[in-house]
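Quick notes on the structure that follows.
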Amino acid sequence: MGPLIPQEIITGQWDFVIALLIGASFGFILEASGFSSSRNIAGVFYGYNFVVLRVFFTAMIVAMVGLMYFSYFGWIDINLVFVLPTYLNSMLLGGFIMGLGFVIGGFCPGTSYTAVAIGKIDGIFFAVGTFIGIFIFAEAFPLFENFYTANDLGPITIGEMFGVSNDIVAFVFTIIAIVAFYVTWLIEKRVRKNMTEYKFE
Amino acid sequence: MNTKSDKIQQPRYINPYFGGILLGLLLLATFFIAGRGLSATGAVKLSVTKVVETVAPAHAESNPYYSMFLPEDGGSIMFNWLVFGAIGTLFGGMLSGVIFGRMKKFRVEHSPKISARTRLIAAGAGGILFGVGSQFGRGCSSGAALSGTAAFSFGGLLVMALMFGVGYVFAYFFRKLWI
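Going line by line, the protein sequences match chains A and B.
Counting in the working numbering, the first sequence runs from 138 upward without gaps.
Counting in the working numbering, the second sequence runs from 2 upward without gaps.
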């Protein structure tokens, strides 16, 4: 049955309405979870607030396990779901740079939009920064065009990489997430006891 | 410090696990409908392309990066799924902000240990890094780390691990910004 748009079960004219609705739900959930505040987000790196880890990992395992169920029941053709291709060198560097940006800026692009939405000027600065960053990247692109596509592994899945089925991957991630939820809950309790500046807003 | 008035002023957030389940179901629904996940930086990439194309069309066409995103049929760059998604994200954030009473006048949120100016510089610098990084990484936290990994992409997992891992490695050096 699914995915609907790639199989043209939903026609093109509805695309943008759907995109708008999905985007709105995304923004609503991010803001309602507390991601419009950089201090909430950065807490994941200092142990005083693990909301990022909780929301992110819960979402990931729900979607992973959900995809497996949908595929099992024949509701979705998993082969038509986009698997982000792996460009080893470029993605390692990209992840590294974003990690730096994360701990310095306290947002990621999606969360910065929700900060902008409720009037945070730091969110605006972050979002404008993203724009400038992409501009710099694109202007300098001819310099590292080869690096950008080097070590192209194609749309390889985690399961294929480690020689197991993706059901096992979903299961392992679920276990890791549950352990992480518990351990970070313990850490957070301890760190918060010694903190006075942060009001957990 | 933890007086009653502080508690009343605490913003009301939804339970993070509940938020995570909602986000996971949304992501699943997006896979089911569109065959691909959520994105945040894609819209910015297209906006940059649009601005450059408007200001210097010849330059946009000759640049190997921008030219990837110029529509072949001469249609508008901005009339795109990603752009509508990002506009939606902004409105969804506003709606939540209004409902939970966090929509206020313009302000800078920062640790009491740093000035608003320092926070703004850090936010801008973080944004620039994310802009550059997301292009190398084929997506940001939404497109690569979350949607990529949830669809079992190995590259998505790499980006996620690096993003959080590097954050922890460098957290010590930037602690003054936060704690």
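Virtual Cβ for every residue (Gly too), placed ideally from N, Cα, C.
These numbers come from a predicted model, not from an experiment.
Answer with yes or no whether the minimum CB distance from residue i to chain B is below 9 Å.
i	result
Leu237 (chain A)	yes
Asn283 (chain A)	no
Gly242 (chain A)	yes
Gly247 (chain A)	yes
Tyr185 (chain A)	yes
Tyr319 (chain A)	no
Val265 (chain A)	yes
Phe148 (chain A)	The amino acid occupying residue 148 (chain A) in the given sequence is Thr; Phe does not appear at that position. No, no contact with chain B.
Does any CB atom of chain A fall closer than 9 Å to the CB of residue i?
i	result
Glu62 (chain B)	no
Thr55 (chain B)	no
Met79 (chain B)	no
Leu71 (chain B)	no
Lys5 (chain B)	Per-residue confidence for Lys5 (chain B) stands at a pLDDT of 46, beneath the threshold of 50, marking its modelled position as unreliable; no derived number is given.
Gly93 (chain B)	yes
Gly75 (chain B)	no
Lys105 (chain B)	yes
Lys51 (chain B)	no
Ser154 (chain B)	yes
Which residue from the options puts its Cα closest to that of residue i?
i	options	result
Phe263 (chain A)	A:Gly247, A:Phe182, A:Asn283	A:Gly247
Val199 (chain A)	A:Phe187, A:Asn186, A:Ile312, A:Gly260	A:Ile312
Leu225 (chain A)	A:Ala277, A:Phe194, A:Met298, A:Phe244	A:Met298
Trp179 (chain B)	A:Asp152, A:Ser208, A:Phe239	A:Phe239
Tyr173 (chain B)	A:Phe182, A:Ile215, A:Gln144	A:Phe182
Ile15 (chain B)	A:Lys257, A:Gly203, A:Ser170, A:Thr321	A:Ser170
Val167 (chain B)	A:Ser249, A:Val309, A:Gly232, A:Phe272	A:Gly232
Val84 (chain B)	B:Phe175, B:Arg37, B:Ser48	B:Ser48
Asn64 (chain B)	A:Trp151, A:Phe244, A:Gly296, A:Phe278	A:Phe278
Ala152 (chain B)	A:Val220, A:Gln144, A:Val154	A:Val220
Ala275 (chain A)	B:Val160, B:Val45, B:Pro72	B:Val45
Met164 (chain B)	B:Lys177, B:Ser154, B:Phe131, B:Pro113	B:Phe131
Pro17 (chain B)	A:Phe172, A:Trp151, A:Leu280	A:Phe172
Arg120 (chain B)	A:Gly149, A:Thr148, A:Ser174	A:Ser174
Return no unless some Cβ of chain C is closer than 9 Å to the Cβ of residue i.
i	result
Lys326 (chain A)	The structure shown has no chain C; the protein chains it does contain are A and B.
If I'm right that residue i touches residue j with Cβ under 8 Å, what's the distance once you round it to whole angstroms?
i	j	result
Glu168 (chain A)	Ile241 (chain A)	Incorrect: roughly 22 Å between the Cβ atoms, too far for contact.
Ser135 (chain B)	Met235 (chain A)	6 Å
Lys284 (chain A)	Leu147 (chain B)	Note on identity: in this sequence residue 284 (chain A) is Phe, with Lys being the wrong assignment. Not confirmed; about 25 Å, so no contact.
Cys141 (chain B)	Thr42 (chain B)	4 Å
Which word fits residue i, buried or exposed, when buried means at least 16 other C-beta atoms lie within 10 angstroms of its C-beta?
i	result
Pro140 (chain A)	buried
Asp259 (chain A)	buried
Tyr185 (chain A)	buried
Ile146 (chain A)	exposed
Asn81 (chain B)	buried
Phe33 (chain B)	buried
Gly40 (chain B)	Residue identity check: residue 40 (chain B) is Ser in the sequence provided, not Gly. Burial call: buried.
Thr195 (chain A)	buried
Thr286 (chain A)	exposed
Gln144 (chain A)	exposed
Leu280 (chain A)	exposed
Ile9 (chain B)	Confidence at Ile9 (chain B) is low in this model, with a pLDDT of 49, below 50, so the placement of that residue should be treated as unreliable; the coordinate-derived value is given next. Looking at its Cβ environment, which holds fewer than 16 other Cβ atoms inside 10 Å, Ile9 (chain B) is exposed.
Just to check, is the beta-carbon of residue i closer than 8 Å to a non-hydrogen atom of the ligand MN?
i	result
Ile313 (chain A)	In terms of ligand content, the structure shown is empty, and the ligand MN therefore cannot be addressed.
Legend entry - Cβ contact (3+ pairs, closer than 8 Å) linking the segment 82-90 of chain B and the segment 153-160 of chain A: Remark: three or more beta-carbon pairs, one from each stretch, lie closer than 8 Å, so the segment 82-90 of chain B and the segment 153-160 of chain A are flagged as touching.
Inset, instruction - Determine contact between the segment 118-137 of chain B and the segment 206-217 of chain A, defined as no fewer than three beta-carbon pairs at a distance below 8 Å. - result: Too few Cβ pairs lie closer than 8 Å, so no.
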